[in-house]
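For the sequence shown, the numbering used here begins at 1 and goes up steadily by one.
Take a look at the structure below.
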Amino acid sequence: MNDLLLLSTLLEGPKHGYALKKQIAFITGQVEMHNNLVYPLLKRFVRNGWVSHRKAAGERGQTRELYTLTAKGREEIVDRLSQFSRKAAGSAEAFSFRVGLFEILDASTRNRIVDEREKWLRGRAALLANLSSGIPLGQWGGEVVKFLQAQAVAEQKWIARLRKKMRQGDQ
Numbered sequence: 001m002n003d004l005l006l007l008s009t010l011l012e013g014p015k016h017g018y019a020l021k022k023q024i025a026f027i028t029g030q031v032e033m034h035n036n037l038v039y040p041l042l043k044r045f046v047r048n049g050w051v052s053h054r055k056a057a058g059e060r061g062q063t064r065e066l067y068t069l070t071a072k073g074r075e076e077i078v079d080r081l082s083q084f085s086r087k088a089a090g091s092a093e094a095f096s097f098r099v100g101l102f103e104i105l106d107a108s109t110r111n112r113i114v115d116e117r118e119k120w121l122r123g124r125a126a127l128l129a130n131l132s133s134g135i136p137l138g139q140w141g142g143e144v145v146k147f148l149q150a151q152a153v154a155e156q157k158w159i160a161r162l163r164k165k166m167r168q169g170d171q
């Protein structure tokens, strides 16, 4: 996921490594990616032809490497986003990440991703219903199950809104 996040951050245009780290920290709400992760990934991206790089002047007179997404890199992002397995459908993070990048995906891919997540949510709701009726959960276990059920319902409502937006955008 880190490599996809790093690659997709370049969709907006060229950036140097430090700016990429800062933007990813902002997007994820987590601490900055470590240099030992960012720069080896960027090196691999360059080697694969997904990213090009050139030297550019920094704000304080230093020289920085400026990384730019290539057409091949954009294709790689689209290809990876389009791969949404049943396992990935169980990840709220993987789903919301793809929704955030729906603009670069075609309508059929967007619909397939939403269908997969919705199918997973229906299965989750059924599992939680069986759990709450099948075994005694106690006061706190029952609270957890109710919370998870409410999350599933809320996400299903969100998916309904997404579907409506997708239909409007396809017209």
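Glycine included, each C-beta is placed from N, C-alpha and C at the ideal position.
Residue 118 carries a helical assignment under DSSP once its states are collapsed to helix, strand and coil. Taking a C-beta distance under 8 Å as the contact criterion, residue 119 and residue 67 do not qualify as a contact pair.
The three-state secondary structure of residue 64, taken from DSSP, is strand.
Residue range 2 to 9 is occupied by the alpha helix (DSSP H) that includes residue 8. Looking only at 30, 3, 96 and 82, the smallest Cα-Cα distance to residue 158 is reached by 96.
Ranking 79, 114 and 124 by CA distance to the CA of residue 104 puts 79 first.
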